[in-house]
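Sequence order for the protein chains is A and B.
Be aware that the first sequence starts at 1, since it is given in full-length UniProt numbering, and climbs by one per residue.
Be aware that the second sequence starts at 1, since it is given in full-length UniProt numbering, and climbs by one per residue.
Just so you know, even glycine gets a beta-carbon here, dropped at the ideal spot from N, CA and C.
Structure, as structure tokens:
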Amino acid sequence: MNWISNYVRPKINSLFSRREIPDNLWTKCPECGQMLFHRELSEALNVCPSCDHHLHISPRERFEALFDGGVFVEIDVPQPIADPLQFKDQKKYPDRLKEARRKTNEAEAMLVAEGKIGDLQIVAAGQDFSFMGGSMGMYVGNAIIAAAERAVKKKCPLILFSAAGGARMQEGILSLMQMPRTTVAVEMLKEAGLPYIVVLTHPTTGGVTASYAMLGDVQIAEPNALICFAGPRVIEQTIREKLPEGFQRAEYLLDHGMLDRVTHRQELRRELITIARMLMNQPPAVVANLPSPEVAAAVPAEPKAEAAPKAAAPKDTDAKPAS
Amino acid sequence: MQNYLEFEKGLAEIEGKSAELRSLARENEEMDVEAEAKALDRKAEQLLKDLYKNLTPWRKCQVARHPDRPHCADYIKQLFTEYTPLAGDRNFADDPAVMGGLARLGDRPVVVIGHEKGHDTSSRIERNFGMARPEGYRKAVRLMDLADRFNLPIVALIDTAGAYPGKGAEERGQSEAIARSTEKCLNVTVPMVSVIIGEGGSGGAVAFACGDRLAMLEHSIYSVISPEGCASILWKDAEKMRDAAEALRLTAQDLQKLGVTDLVIPEPEGGAQRDRKEAIRRVGKALEQMLSELDGKKGEALRKARRQKFLDLGSKALV
Ligand SMILES: [Zn+2]
Numbered sequence: 001m002n003w004i005s006n007y008v009r010p011k012i013n014s015l016f017s018r019r020e021i022p023d024n025l026w027t028k029c030p031e032c033g034q035m036l037f038h039r040e041l042s043e044a045l046n047v048c049p050s051c052d053h054h055l056h057i058s059p060r061e062r063f064e065a066l067f068d069g070g071v072f073v074e075i076d077v078p079q080p081i082a083d084p085l086q087f088k089d090q091k092k093y094p095d096r097l098k099e100a101r102r103k104t105n106e107a108e109a110m111l112v113a114e115g116k117i118g119d120l121q122i123v124a125a126g127q128d129f130s131f132m133g134g135s136m137g138m139y140v141g142n143a144i145i146a147a148a149e150r151a152v153k154k155k156c157p158l159i160l161f162s163a164a165g166g167a168r169m170q171e172g173i174l175s176l177m178q179m180p181r182t183t184v185a186v187e188m189l190k191e192a193g194l195p196y197i198v199v200l201t202h203p204t205t206g207g208v209t210a211s212y213a214m215l216g217d218v219q220i221a222e223p224n225a226l227i228c229f230a231g232p233r234v235i236e237q238t239i240r241e242k243l244p245e246g247f248q249r250a251e252y253l254l255d256h257g258m259l260d261r262v263t264h265r266q267e268l269r270r271e272l273i274t275i276a277r278m279l280m281n282q283p284p285a286v287v288a289n290l291p292s293p294e295v296a297a298a299v300p301a302e303p304k305a306e307a308a309p310k311a312a313a314p315k316d317t318d319a320k321p322a323s
Numbered sequence: 001m002q003n004y005l006e007f008e009k010g011l012a013e014i015e016g017k018s019a020e021l022r023s024l025a026r027e028n029e030e031m032d033v034e035a036e037a038k039a040l041d042r043k044a045e046q047l048l049k050d051l052y053k054n055l056t057p058w059r060k061c062q063v064a065r066h067p068d069r070p071h072c073a074d075y076i077k078q079l080f081t082e083y084t085p086l087a088g089d090r091n092f093a094d095d096p097a098v099m100g101g102l103a104r105l106g107d108r109p110v111v112v113i114g115h116e117k118g119h120d121t122s123s124r125i126e127r128n129f130g131m132a133r134p135e136g137y138r139k140a141v142r143l144m145d146l147a148d149r150f151n152l153p154i155v156a157l158i159d160t161a162g163a164y165p166g167k168g169a170e171e172r173g174q175s176e177a178i179a180r181s182t183e184k185c186l187n188v189t190v191p192m193v194s195v196i197i198g199e200g201g202s203g204g205a206v207a208f209a210c211g212d213r214l215a216m217l218e219h220s221i222y223s224v225i226s227p228e229g230c231a232s233i234l235w236k237d238a239e240k241m242r243d244a245a246e247a248l249r250l251t252a253q254d255l256q257k258l259g260v261t262d263l264v265i266p267e268p269e270g271g272a273q274r275d276r277k278e279a280i281r282r283v284g285k286a287l288e289q290m291l292s293e294l295d296g297k298k299g300e301a302l303r304k305a306r307r308q309k310f311l312d313l314g315s316k317a318l319v
């Protein structure tokens, strides 16, 4: 591991992956139908400027907007046994994996990284819905364990962004066993007295919600995210009635007491900094590290002595789009 | 009245013929059918042996779901004394899909929990076919806490197609309830042993299956998704459940190779449904064995070893 592979490669990778979707410079908002210029959408963190719909965002793009100055270091995830069941449906499992790797330019369905947000050290784990539906298999389990172990070692919070259709069927029972395995990871953090913050993003369903995605100290969701154990179609087939409007969406869960907050993607960084710093008993983030001028104005400028020397961290996120 | 599975049709014919002969003989005293009936019995016995020797994964699913298999309540009745059911999640309701309470296994007071599917139409409806709602998992968490506080081992009997996919269940936090139950299994400082006695359906089963030991009856199954569900998603055809059952590796035998199951409990010839009493007795023996292995182990060391067991899963592949 060296500086190049840790700091530079991720950025280069993401440039490449962005360049791979060149022919559609325009994306149509699936919600309002508005044609959106790709760069404009990406600067808005893939939130439709016209209707506020939150489109898919890759963990890498998310981390670039989350960490101070977009700088983060990837954490190695132990590689599990490949295709332990030699699973074959209409396609072989290794072929599905290969296809997903080619499509996403990522190794697997979860990216783990460390870095600073608002000058606070954190570990972040982001699940990638575009990689086989974000499905939780042994790699995702290993990734969450690696993330928890790293957070415990660095005595810092873990922030996890979930997005998955559920467990990865191609790994059979071993995917199901990621429910207890990831729960053990969460317990590691709890016993070390470290915050575990979950941000549920669209969609988070099945065994993922029934384990690590529902065990956070603070549970935040992005607007309109589908969050459920059983999917709406299965429920409609079982109870043979139409489900109410907005059923199993983030706001519905908030109303039913299942979440702490529903937060707009462009507000997330600021909110995560605020919550994480308070849970870690740290003073408010110094003004220079805050993302937008409006926010800076609202916070009394009292840079604390211990935070001040670090305030000159790599180019900060002032350039990030104002929310 | 014996219930036959689809693959037992040939067996049903032979056993039917033998029974018919004997009932004819009872009506006509001069008829001597015994020799013929005995020959049929032997034929049936051999066929039963052959059928059950190498059950395909899909056939195992059918056996695991057999309506005549002993269920949680049968096990509790035969194996435990002084069973004292304890009800409710102290929050919303009691869930009859989950049984639980204090009981004695031999001399040992324990907390027992388990899914109960019901045995006839009205009890099946009352038990919601063994598909628990959040209240069932929250009741289990409460009982596991009780066991932890009073230093009683926990016995869990698993038999569910999965957690109930209903509107209220979702509104009241099905996923959180399952997650907390799994978490509780991993956190208690008393021994916890689980047995899958029929169906181990996905997260609804995991919630009770994360103790120190997991045993499975010979023809029980444990899977991330039902073969029908898997077939309809991956094959886009629910009729491909045989292929899906094969691919998922959901049999007790495969799960033992993967290290997920510690112990496979042999079933009586022709499955637990053919000799319920004997099947229950064998489960009782396995429970005694697993609990005595854990005797004297408690506290932090026990919890640490349990967690390590799960962290280590995935190091064995099937070849
Ligand atoms: Zn839109």
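With respect to chain A, the C-beta atom of B/Leu311 has a partner C-beta closer than 8 Å. Shortest Cα-Cα distance from B/Leu313 to any of A/Leu279, A/Met138 and A/Gly165 involves A/Met138. Distance check between B/Ala73 and each of B/Asn28, B/Asn151 and B/Ile158 places B/Ile158 closest, using alpha-carbon atoms only. Between A/Gly166 and A/Val208 the beta-carbon gap is near 6 Å, inside 8 Å, which marks them as a contact. When the beta-carbon positions are compared, B/Leu287 and B/Val193 come within less than 8 Å of each other. Residue range Arg108 to His115 is occupied by the beta strand (DSSP E) that includes B/Ile113. Along the length of the stretch 221-275 of chain B, whole alpha helix (DSSP H) runs at least 4 residues long occupy 227-230, 241-248 and 252-257, reported in chain order. Burial is judged here by how many other beta carbons sit within 10 angstroms of a residue's own beta carbon; A/Lys155 has fewer than 16 and is exposed. A Cβ-Cβ distance of about 42 Å is found for the pair B/Asp95 and B/Glu45, leaving them out of contact under the 8 Å criterion. Excluding residues up to 5 positions away in sequence, Leu102 and Leu152 lie with their Cβ nearer than 7 Å to the Cβ of B/Pro109 in the same chain.
A distance criterion of 7 Å places the beta-carbon of A/Glu43 beyond contact range of ligand 1, judged by its closest non-hydrogen atom. Between ligand 1 and A/His53, a heavy atom-to-CB distance of less than 7 Å is present. Comparing C-alpha distances from B/Thr261 to each of B/Ala25, B/Phe310, B/Ser23 and B/Arg133 shows the shortest one belongs to B/Phe310. At a cut-off of 8 Å between C-beta atoms, A/Met278 does not count as an interface residue with respect to chain B. In this structure, A/Ala185 keeps its C-beta atom at 8 Å or more from the C-beta atom of A/Ile159. Every unbroken stretch of the alpha helix (DSSP H) spanning 4 or more residues and falling wholly within the stretch 40-102 of chain A is given here in chain order: 59-66.
By the neighbour-count definition (other C-beta atoms within 10 Å, threshold 16), B/Ile265 is a buried residue. Here the alpha carbon of A/Val262 sits roughly 40 Å from the alpha carbon of B/Leu258.
The stretch 162-203 of chain B is shown to contain whole beta strand (DSSP E) runs of 3 or more residues at 192-201, in chain order. For A/Ser162, the uninterrupted beta strand (DSSP E) segment begins and ends at Leu158 to Ala164.
For B/Asp107, the closest of B/Thr81, B/Gly114, B/Met99 and B/Asn91 by C-alpha to C-alpha distance is B/Thr81. For A/Gln34, the CB falls within less than 7 Å of some heavy atom of ligand 1. In terms of side-chain proximity, the C-beta atom of A/Glu31 is found nearer than 7 Å to a non-hydrogen atom of ligand 1. Among the CB atoms of chain A, none fall inside 8 Å of the CB of B/Asn151. Two segments are said to touch when three or more pairs of C-beta atoms, one from each, lie closer than 8 Å; by this definition the stretch 238-245 of chain A touches the stretch 159-170 of chain B.
In the DSSP annotation of this structure, the continuous segment of the alpha helix (DSSP H) that includes A/Tyr252 starts and ends at Ala250 to Asp255. Against chain B, the CB of A/Ser211 has a partner CB under 8 Å away; the residue lies at that interface. Per the C-alpha coordinates, the member of A/Gln79, A/Phe161 and A/Leu120 positioned closest to A/Glu108 is A/Gln79.
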